[in-house]
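Colleague:
In our numbering, the protein residues as written are 1 to 208.
1. Between residue 200 and residue 144, what straight-line distance do the alpha-carbon atoms span, to the nearest angstrom?
2. Assuming residue 42 contacts residue 153 under a Cβ cut-off of 8 Å, what Cβ separation, rounded to an integer in Å, is found between them?
3. Out of 191, 81, 52, which has the shortest C-alpha to C-alpha gap to residue 64?
4. Measure from the alpha carbon of residue 185 to the alpha carbon of each residue in 91, 75, 83, then state which is nearest.
5. So the candidates are 113, 130, 69; which of them puts its Cα closest to the Cα of residue 189?
6. For residue 183, which residues of its own chain have a beta-carbon under 6 Å away from its beta-carbon, when the five flanking residues on both sides are left out?
7. Return the chain-ordered list of same chain residues with a C-beta closer than 6 Å to the C-beta of residue 38, the five sequence neighbours on each side being excluded.
8. If we count the other Cβ atoms within 10 Å of its Cβ and call it buried at 16 or more, is residue 98 buried or exposed?
9. Looking only at C-alpha atoms, which of 66, 104, 46, 157 sits nearest to residue 192?
10. Mark residue 77 as exposed unless 16 or more other C-beta atoms lie within 10 angstroms of its C-beta, in which case mark it buried.
11. Let me know the secondary structure DSSP gives residue 192 once reduced to three states.
12. Alpha carbon to alpha carbon, how far is residue 71 from residue 79?
13. Below 8 Å on the Cβ atoms is my contact criterion, and I expect residue 166 with residue 124 to pass it. Report the Cβ-Cβ distance as a whole number of Å.
14. Can you grab the Cα-Cα spacing for the pair residue 160 / residue 53, in whole Å?
15. Where does residue 116 fall in DSSP's three states?
16. Among 86, 50, 94, 56, which one has its Cα closest to the Cα of residue 197?
17. DSSP state of residue 205, grouped into three classes?
18. Could you tell me how far apart the beta carbons of residue 158 and residue 127 are, in whole angstroms, since I believe they sit closer than 8 Å?
19. Could you pull out every unbroken alpha helix (DSSP H) segment of at least 4 residues lying fully inside the stretch 121-185, listed in chain order?
20. Quick one: residues in its chain with C-beta nearer than 6 Å to the C-beta of residue 138, no 5 flanking neighbours on either side, listed in chain order?
21. Confirm, please, whether the CB-CB distance from residue 121 to residue 107 is below 8 Å.
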């Protein structure tokens, strides 16, 4: 009889331990969620207002970047591009001038003014990915506890472009209009193509 009671008590203890372990795991998940106070929208807005303007002043002329990559790609990528991780994709802030060729539903096609002009596009609808975030050079992986915060930051920066930047210029553009622009681009070190390049617009000014 004493042996039976011991077995019962041991079984109950094991069940209780297992239940508490399961509960603790769930509780930690809840606490992790509750302790995540990162407001990506507010942070993106602050960066856009307080930090980004000074970065735009250092944007490289897109034709100069193109020429440097053609003559000394290693130095050009090291000095004028950024990335948060290791890989062939690099990001840069660029500026330049162009003439509008077409105003499409999802983008604006234009010809970049240069000794050797080339075609490019301003993204106006499908603004996504990490191009803008990484091109600024303002962020470091170690400053973020998880990739979710980083991804949400990219999303909110892109949202500012779609909702605040694009409406300021797109309705005013038409074929033949001369523009000045500052934007973010992505380049692959192994497959470099400037013709047909997509630019995430940050500033677009119509030149009289």
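Each residue gets a CB set at the ideal place from its N, CA and C atoms; glycine is no exception.
Modeller: To lay it out plainly:
1. Here residue 200 refers to the residue found at position 200 when the chain shown is read from its first residue. Here residue 144 refers to the residue found at position 144 when the chain shown is read from its first residue. C-alpha separation (whole angstroms): 24 Å.
2. Residue mapping note: residue 42 aligns to position 42 of the chain shown, counting from 1. Residue mapping note: residue 153 aligns to position 153 of the chain shown, counting from 1. That pair is no contact at about 11 Å.
3. Walking along the chain shown from the start, residue 64 turns up at place 64. Nearest option by C-alpha distance: 81.
4. Walking along the chain shown from the start, residue 185 turns up at place 185. The residue with the shortest Cα to Cα distance from residue 185 is 91.
5. Taking the first residue of the chain shown as position 1, residue 189 is located at position 189. The option with the nearest alpha carbon to residue 189 is 69.
6. Numbered from its first residue, the chain shown carries residue 183 at position 183. Taken in chain order, the residues that qualify are 199, 200, 201, 202.
7. Counting from one through the chain shown, the residue named residue 38 turns up at place 38. Hits under 6 Å: 149.
8. By 1-based counting over the chain shown, the position of residue 98 is 98. Counting Cβ neighbours within 10 Å, residue 98 comes out buried, since at least 16 surround it.
9. Start at 1 with the first residue of the chain shown, and residue 192 comes out as number 192. It is 66.
10. Locating residue 77 in the chain shown gives position 77, where the first residue counts as 1. So residue 77 ends up on the buried side.
11. Counted from its first residue, the chain shown places residue 192 at position 192. Here residue 192 sits in coil by DSSP.
12. The residue given as residue 71 occupies position 71 in the chain shown. The residue given as residue 79 occupies position 79 in the chain shown. Taking the straight line from one Cα to the other gives about 14 Å.
13. Along the chain shown, one-based indexing puts residue 166 at 166. Along the chain shown, one-based indexing puts residue 124 at 124. Between residue 124 and residue 166 the Cβ distance is about 5 Å, and since that is below 8 Å, they are a contact.
14. In the chain shown, residue 160 corresponds to position 160, counting from 1. In the chain shown, residue 53 corresponds to position 53, counting from 1. Spanning the two alpha carbons is a distance of roughly 14 Å.
15. Taking the chain shown and counting its residues from 1, the one referred to as residue 116 is at position 116. Correct three-state label for residue 116: coil.
16. Looking up residue 197 in the chain shown gives position 197. Among 86, 50, 94, 56, the Cα nearest to that of residue 197 is on 94.
17. Residue mapping note: residue 205 aligns to position 205 of the chain shown, counting from 1. Three-state result, residue 205: strand.
18. Position 158 of the chain shown, counted from the start, is the residue given in the question as residue 158. Position 127 of the chain shown, counted from the start, is the residue given in the question as residue 127. About 4 Å; that satisfies the 8 Å criterion.
19. 131-135, 147-160, 166-169
20. On the chain shown, position 138 is the one that residue 138 refers to. Only 51 meet the Cβ criterion.
21. Here the question's residue 107 lines up with position 107 in the chain shown. Here the question's residue 121 lines up with position 121 in the chain shown. The answer is yes: Cβ separation under 8 Å.
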